[in-house]
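What follows is a short report on a single structure.
Protein chains: 2
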Amino acid sequence: MPSDVLARLTEQLGDRVDTSPASLDAARADKSGFAADTAPLAVVHAASVADVQAVMRIATDTGTPVVPRGAGTGLAGGANAGGGEIALSLRGMTRILEVRPDDLLAVVEPGILNADLNDALAPHGLWWAPDPASRAISTVGGNIATGAGGLLCAKYGVVRDAVLALDVVLADGRLIHVGHRSVKGVTGLDLTSLFIGSEGTLGVVVGATLKLRRLVPGQSHTIAAVFPQGVRAAAEASAAVTAAGIQPAIMELMDAASLAAVHAMLGLDAPSAGAAQLTVQTDGPAAAAEADAVAEILRSAGGEVAVSHDPAEGERLLRIRRSMHPAIETLGTALIEDVSVPRSALPAMFDEIARVEREYGIVIPTVAHAGDGNLHPNFVFEGDEVPDRIWAAADDLFRAALRLGGTLTGEHGIGLLKRRWLADELGDDQWRLQRDIKGVFDPQGILNPGKVFA
Amino acid sequence: MPSDVLARLTEQLGDRVDTSPASLDAARADKSGFAADTAPLAVVHAASVADVQAVMRIATDTGTPVVPRGAGTGLAGGANAGGGEIALSLRGMTRILEVRPDDLLAVVEPGILNADLNDALAPHGLWWAPDPASRAISTVGGNIATGAGGLLCAKYGVVRDAVLALDVVLADGRLIHVGHRSVKGVTGLDLTSLFIGSEGTLGVVVGATLKLRRLVPGQSHTIAAVFPQGVRAAAEASAAVTAAGIQPAIMELMDAASLAAVHAMLGLDAPSAGAAQLTVQTDGPAAAAEADAVAEILRSAGGEVAVSHDPAEGERLLRIRRSMHPAIETLGTALIEDVSVPRSALPAMFDEIARVEREYGIVIPTVAHAGDGNLHPNFVFEGDEVPDRIWAAADDLFRAALRLGGTLTGEHGIGLLKRRWLADELGDDQWRLQRDIKGVFDPQGILNPGKVFA
Numbered sequence: 001m002p003s004d005v006l007a008r009l010t011e012q013l014g015d016r017v018d019t020s021p022a023s024l025d026a027a028r029a030d031k032s033g034f035a036a037d038t039a040p041l042a043v044v045h046a047a048s049v050a051d052v053q054a055v056m057r058i059a060t061d062t063g064t065p066v067v068p069r070g071a072g073t074g075l076a077g078g079a080n081a082g083g084g085e086i087a088l089s090l091r092g093m094t095r096i097l098e099v100r101p102d103d104l105l106a107v108v109e110p111g112i113l114n115a116d117l118n119d120a121l122a123p124h125g126l127w128w129a130p131d132p133a134s135r136a137i138s139t140v141g142g143n144i145a146t147g148a149g150g151l152l153c154a155k156y157g158v159v160r161d162a163v164l165a166l167d168v169v170l171a172d173g174r175l176i177h178v179g180h181r182s183v184k185g186v187t188g189l190d191l192t193s194l195f196i197g198s199e200g201t202l203g204v205v206v207g208a209t210l211k212l213r214r215l216v217p218g219q220s221h222t223i224a225a226v227f228p229q230g231v232r233a234a235a236e237a238s239a240a241v242t243a244a245g246i247q248p249a250i251m252e253l254m255d256a257a258s259l260a261a262v263h264a265m266l267g268l269d270a271p272s273a274g275a276a277q278l279t280v281q282t283d284g285p286a287a288a289a290e291a292d293a294v295a296e297i298l299r300s301a302g303g304e305v306a307v308s309h310d311p312a313e314g315e316r317l318l319r320i321r322r323s324m325h326p327a328i329e330t331l332g333t334a335l336i337e338d339v340s341v342p343r344s345a346l347p348a349m350f351d352e353i354a355r356v357e358r359e360y361g362i363v364i365p366t367v368a369h370a371g372d373g374n375l376h377p378n379f380v381f382e383g384d385e386v387p388d389r390i391w392a393a394a395d396d397l398f399r400a401a402l403r404l405g406g407t408l409t410g411e412h413g414i415g416l417l418k419r420r421w422l423a424d425e426l427g428d429d430q431w432r433l434q435r436d437i438k439g440v441f442d443p444q445g446i447l448n449p450g451k452v453f454a
Numbered sequence: 001m002p003s004d005v006l007a008r009l010t011e012q013l014g015d016r017v018d019t020s021p022a023s024l025d026a027a028r029a030d031k032s033g034f035a036a037d038t039a040p041l042a043v044v045h046a047a048s049v050a051d052v053q054a055v056m057r058i059a060t061d062t063g064t065p066v067v068p069r070g071a072g073t074g075l076a077g078g079a080n081a082g083g084g085e086i087a088l089s090l091r092g093m094t095r096i097l098e099v100r101p102d103d104l105l106a107v108v109e110p111g112i113l114n115a116d117l118n119d120a121l122a123p124h125g126l127w128w129a130p131d132p133a134s135r136a137i138s139t140v141g142g143n144i145a146t147g148a149g150g151l152l153c154a155k156y157g158v159v160r161d162a163v164l165a166l167d168v169v170l171a172d173g174r175l176i177h178v179g180h181r182s183v184k185g186v187t188g189l190d191l192t193s194l195f196i197g198s199e200g201t202l203g204v205v206v207g208a209t210l211k212l213r214r215l216v217p218g219q220s221h222t223i224a225a226v227f228p229q230g231v232r233a234a235a236e237a238s239a240a241v242t243a244a245g246i247q248p249a250i251m252e253l254m255d256a257a258s259l260a261a262v263h264a265m266l267g268l269d270a271p272s273a274g275a276a277q278l279t280v281q282t283d284g285p286a287a288a289a290e291a292d293a294v295a296e297i298l299r300s301a302g303g304e305v306a307v308s309h310d311p312a313e314g315e316r317l318l319r320i321r322r323s324m325h326p327a328i329e330t331l332g333t334a335l336i337e338d339v340s341v342p343r344s345a346l347p348a349m350f351d352e353i354a355r356v357e358r359e360y361g362i363v364i365p366t367v368a369h370a371g372d373g374n375l376h377p378n379f380v381f382e383g384d385e386v387p388d389r390i391w392a393a394a395d396d397l398f399r400a401a402l403r404l405g406g407t408l409t410g411e412h413g414i415g416l417l418k419r420r421w422l423a424d425e426l427g428d429d430q431w432r433l434q435r436d437i438k439g440v441f442d443p444q445g446i447l448n449p450g451k452v453f454a
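Top to bottom, those sequences are chains Z and X. Throughout the first sequence, residue numbering follows full-length UniProt numbering, covering 1 to 454 in sequence. Throughout the second sequence, residue numbering follows full-length UniProt numbering, covering 1 to 454 in sequence.
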């Protein structure tokens, strides 16, 4: 049977069917640190919508599971392809089909990198706002599949706010178009939102009509504040900024362990022990006044504050935050978590992290998008396999986030890593409804099976 | 059987079951001008989530259709209840359960009026952005069920951008909670967006966690521009404003027939024949400069422009636009349409309206939310029944909107009125998928049957 599938794929797709050991091996994993035990049947490098349709028709005919895949930068194991599966790569479909400055939209293929798209939009005075930390290496299609977020979300929205319409190939190879090109549109059910964040379980996104913004005029202003009192003081200070009615473009929090790891990696002077840092950026017409107001609030909250009105200096300050992932990798293997809580619960969530650290005898370097309450606690360990003790600590932390009115994942998705907690958050009734909706799209269960819904 | 249903409802819900002729008659209609031929079994005035659950359990046990209903201000016949059906009114559930300025959210019951909610939020310095023209008389739950829009949408978003989570009673009476209180959240499929705009076909919304904004500081500035050349020139001018990168809070367009009707009703001097009007409002930190820039663009486009920096004068200018619905009612019975097109297609859509007017020998007074490309052409006729000739003209106009990359409905919904065009826009494959999703939520077909999916 597998050889029959391969033969049919090769017959129709020729050298776009890749069975080289290196490609098969790469398709087993994403950036979560998780990998399937065995390699997939093949990696198909789709070059067109028709290629995707051909793969899905063969998959439906033969009952073969398909794992859609962008650049493989996911952090939840959502794109990992294993034995008996076809890894369907959209990475080669990178065309920008249309840019409409008058309608503030672009139509793109799913494989284009987020950063490449924004480079192409800049000369038009436009940008696509979602800015995951992976933006230089992750695809727009992957951003859509995970419902990605980033640093700018509190002010400029997440992927779900930035997609108007999608072209989707269904499990049996049919192509549908969902959504609309107009700003408003309520014709029927909102399948566009349903596909966003569905992690390849409902269909294969082969095109996207993106809602663009105009580049924000003027320069941004950056405030860096060190809190010698530690992370709770920094979290309270960030909540005070939000409570004062100021909407920064970026508000990033790093705890002491994160800050130390990044400073060490970048060869900077070590920060004072126990100190946390808040990095805030304002933009738009009121940027300068807002920066001064933020600085005043952070000073009142006990921060040691530096304000920079120089964009280059601002970028240097933000570089410390953006270096978090590589810095953590220097400490060991990392399970990068992604809980999100209401903004007011950020200090309480840091208390919970401190409690879990104490109870399990571990250090959990944590950064947070403080402007929107999204935390990335990093569980660091030795070796390839997440030890049971780390899973127990993560479980404790997830339950704490849910108790505080939060959610399991703010922007990374469920994938393989969090599927066992999904029903805890959704409740059994909603979990079954969601699984039955998947059944409508994928009656054979061939679309990314085992992901999200275990 | 109907008497059995009534007996069971009365047994459990007592005097919240209303069978007075006036109530039954009122429940047959909404503001679309359409009414069911016969009256429903009963109107149940739910006072609690438990009431809604009791109704749905009885409905499921007896196979009785249920039509959820807010204030009955819909324009698509989505809340009309007829023979053998239970009209389930949420209008009495008006409590605000929580307001959190720090988290920019409120938890409310569905029956509260949009304007009442905003009156209650204002002392906190907050507002809920969706502002349908009906906001003084329509409920938040109804706004959610239709995916309502309004005047401010291009800058401040529609309902779908302003809801974090929902409490929903399912067809069989179970209660689920979908969504999250945090800014970000991608746990599982986005059922919150699926319920928004689902027009009572998937479940009954009994609670909503709303995403709030801070009141915009400073005063608004208003620009009124008369275009003697007519509506196409006004449409092109509005497109020029958007193309210049300015985002007004409001940009409303009225054609000559609309303007004349409103002036007559308000007892103002008649506008010059054939003249159209554009009313633009800017707000926020750059409001004054943006108002001047808008005025310059409109002047260059041939408009006779007046700028007001006085909010009271601005409100007076906008009153002309807000008086459109009552003014049209003075002309006859109106079929109020709601197509939406990409902003750049607004002039072409007005050409199509002019063509339909010529070909069918009718006048179609039209207003448009020009900032987002949403048009409300009004088909005016005598009597209660839409004449076939008017339907033929509307059909022609819908197809023109779809050809221009637009959609059947920007903010009113499908309801009864547009269900026969739904598959034309969605395509048969997507139409069937949507209907099958409804089947997951409502296997017996008792939730607002005959609406949206005919």
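Even glycine gets a Cβ: it sits at the ideal position worked out from N, Cα and C.
Cut-off 6 Å between Cβ atoms - residues of its own chain near residue i, not counting five sequence neighbours on either side
i: Thr242 (chain X); result: Arg343
i: Ala225 (chain Z); result: Leu278, Leu298, Gly303, Val305
i: Cys153 (chain X); result: Asp372
i: Thr38 (chain Z); result: Gly82, Gly83
i: Arg321 (chain X); result: Glu252, Thr279
i: His412 (chain Z); result: Leu75, Ala76, Asp338
CB of residue i within 9 Å of CB of residue j, strictly
i: Gly373 (chain X); j: Leu402 (chain X); result: no
i: Ala162 (chain Z); j: His180 (chain Z); result: no
i: His177 (chain X); j: Gln229 (chain Z); result: no
i: Met265 (chain X); j: Thr330 (chain X); result: yes
i: Gly78 (chain Z); j: Thr146 (chain Z); result: yes
i: Thr94 (chain Z); j: Leu113 (chain Z); result: yes
i: Leu9 (chain Z); j: Ala46 (chain Z); result: no
i: Ala54 (chain Z); j: Gly173 (chain Z); result: yes
i: Leu335 (chain Z); j: Ala394 (chain Z); result: yes
i: Val307 (chain X); j: Ala295 (chain X); result: yes
i: Ala36 (chain Z); j: Ala26 (chain Z); result: no
Nearest neighbour of residue i, chosen from the options [CA to CA]
i: Ala59 (chain Z); options: Z:Ala26, Z:Phe195, Z:Trp127, Z:Val169; result: Z:Val169
i: Phe441 (chain Z); options: Z:Val231, Z:Ser300, Z:Gly415, Z:Leu202; result: Z:Leu202
i: Ala325 (chain Z); options: Z:Ala368, Z:Thr64, Z:Asp269, Z:Gly92; result: Residue 325 (chain Z) is actually His in this sequence, not Ala. Nearest of Z:Ala368, Z:Thr64, Z:Asp269, Z:Gly92 to His325 (chain Z), Cα basis: Z:Ala368.
i: Leu151 (chain Z); options: Z:Leu335, Z:Ala392, Z:Lys438, Z:Arg319; result: Z:Arg319
i: Ser220 (chain Z); options: Z:Val140, Z:Ala312, Z:Val107, Z:Phe453; result: Z:Ala312
i: Val140 (chain X); options: X:Ile328, X:Asn378, X:Ile86, X:Thr73; result: X:Thr73
i: Leu433 (chain X); options: Z:Ala29, Z:Leu189, Z:Gly111; result: Z:Leu189
i: Glu385 (chain Z); options: Z:Val67, Z:Phe34, Z:Val158; result: Z:Phe34
i: Asp283 (chain X); options: X:Lys418, X:Gly142, X:Ala261, X:Leu215; result: X:Leu215
i: Val49 (chain Z); options: Z:Gly207, Z:Asp310, Z:Ile390; result: Z:Gly207
Neighbourhood of residue i by C-beta distance below 7 Å, restricted to the same chain and skipping five residues each side
i: Ala348 (chain Z); result: Leu404
Residues near residue i in its chain [Cβ-Cβ closer than 8 Å; skip 5 each side]
i: Ala286 (chain Z); result: none
i: Arg160 (chain X); result: Gly147, Ser193, Ile196, Gly197
Any non-hydrogen atom of the ligand FMN closer than 8 Å to residue i Cβ
i: Cys153 (chain X); result: As presented, the structure is devoid of all ligands, the ligand FMN included, so that no description of it is given.
> Of all the residues that make up the stretch 363-395 of chain X, which are near chain Z by a beta-carbon distance shorter than 9 Å?
Replying inline: His369, Gly371, Asp372, Gly373, Asn374
>> Please list, in chain order, the residues of the stretch 407-432 of chain Z that have any C-beta partner in chain X closer than 7 Å.
In response: Thr407, Leu408, Thr409, Gly410, Glu411, Gly413, Ile414, Leu422, Glu425, Leu426, Gly427, Asp429, Gln430
>> At a CB distance below 9 Å, what residues from the stretch 439-450 of chain Z approach chain X? Give them in sequence order.
In response: Gly439, Val440, Phe441
> Between the stretch 182-194 of chain Z and chain X, which residues of the former have CB atoms less than 9 Å from a CB of the latter, in chain order?
Replying inline: Ser182, Val183, Lys184, Gly185, Val186, Thr187, Gly188, Leu189, Asp190, Leu191, Thr192, Ser193, Leu194
> Between the stretch 102-134 of chain X and chain Z, which residues of the former have a C-beta closer than 9 Å to a C-beta of the latter?
Replying inline: Asp102, Asp103, Leu104, Leu105, Gly125
> the stretch 300-328 of chain Z: which residues have C-beta closer than 8 Å to a C-beta of chain X, in chain order?
Replying inline: Residues: none.
> When you check each C-beta in the stretch 242-270 of chain Z against every C-beta of chain X, which residues fall closer than 7 Å?
Replying inline: Thr242, Ala243, Gly245
>> With three or more beta-carbon pairs closer than 8 Å as the criterion, would you say the stretch 191-210 of chain X touches the stretch 434-452 of chain X?
In response: By the Cβ test, the stretch 191-210 of chain X is in contact with the stretch 434-452 of chain X, since at least three Cβ pairs between them sit closer than 8 Å.
> Of all the residues that make up the stretch 49-69 of chain X, which are near chain Z by a beta-carbon distance shorter than 9 Å?
Replying inline: none
>> If the cut-off is 7 Å on Cβ atoms, which residues from the stretch 327-354 of chain Z count as contacting chain X, listed in chain order?
In response: Ser340, Val341, Pro342, Arg343, Ser344
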